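Reading the sequence shown from the start, the letters are residues 708 to 944 in this note's numbering.
Below is one structure, written out as structure tokens; the observations come after it.
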Amino acid sequence: MKLQLRGIQKHYGSKEVLRDCSFTFEKGKIYGLLGRNGAGKTTLFNCLTDEVQPDGGSAVILTEQGEEAPLTPEQVGYVFSTPILPDFLTGYEFIKFYMDIHQGAGAQDKTIDQYFDMVKIEPEDRHRLIKGYSHGMKNKVQMLCFLIARPPVILLDEPLTSFDVVVALEIKQLLREIKHDHILVFSTHILQLATDLCDEIVVLSEGQLQQIDHAMLESKDFEEQIIELLKDEESHE
């Protein structure tokens, strides 16, 4: 399975944020979407989830059989940098509700507690109101949503930047475990995080996507080459 972007464009007034964004993402890899703050990473994700309408271009899913169909919002799991969750529910209540509405996705092959165990949320915290959760715990609950819904495409908008070291390592391991069943695109502006977690690096610069040669990742001057590539970026959201 592949996610193919074809010439996606987005303007805000006279400002061109995305310019002919074209790329093919494959299942089984974690892609690091690297760019400076304001380069358009979140705008691209919002275009793929129909949060905003692109001004041009398209995104399609290609199956192993060579069939293609337009990408739909139901096929995308979007992990926000700031989790959006119902604070008036407990973690347990919310995950039970989420499992109930995603029964067709195979959510019932695990119990609620088994899902909580996957992201290491302690039993005593599962019945607390989400309102009282830390940012890291809320992000873990958000991660559970795509583990339950199992969308083919998962977009992660800088979800690890606020985690402590232990939680970040746990989430990285979780992503590595599930990547074989999904197309994973991980947005970040932190170079070390991208190189540590991701199988491929894609740079968003001047409104366009460019894949970095994999051999370049092993180069001792890799960081200098990336900085050189991005330093003249003038497009900021």
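Where is the CB? At the ideal position from N, CA and C, for every residue including glycine.
Only a predicted model underlies this, so the values are computations on that prediction, with no experimental measurement involved.
Query	Result
Mind checking Tyr785: buried by the 16 CB within 10 Å criterion, or exposed?	buried
Are the region 902-910 and the region 753-768 touching by the rule of at least three beta carbon pairs closer than 8 angstroms?	no
DSSP state of Arg883, grouped into three classes?	helix
Please report the Cβ distance between Gly747 and Val724, rounded to the nearest whole angstrom; I am assuming they are in contact, meaning their Cβ atoms lie under 8 angstroms.	4 angstroms
For a quick check, are the C-beta atoms of Ile890 and Glu733 less than 8 angstroms apart?	yes
Where do the N-terminal and C-terminal ends of the beta strand (DSSP E) with Val892 fall, by residue?	890-895
Could you give the DSSP three-state label for Asp864: helix, strand or coil?	strand
Using DSSP bridges, identify the partner residues of Arg833.	None, per the DSSP bridge assignment.
Three-state secondary structure (DSSP) at Thr902?	helix
For Ile819, which option in Ile802, Glu831, Leu741, Gln918 has the closest C-alpha, if you only look at C-alpha atoms?	Ile802
Does DSSP put Tyr719 in a helix, in a strand, or in coil?	strand
Quick one: measure Cβ to Cβ for Ala901 and Leu741, integer angstroms, because I've assumed they're closer than 8 angstroms.	5 angstroms
Are Met708 and Thr779 close, meaning C-beta to C-beta below 8 angstroms?	no
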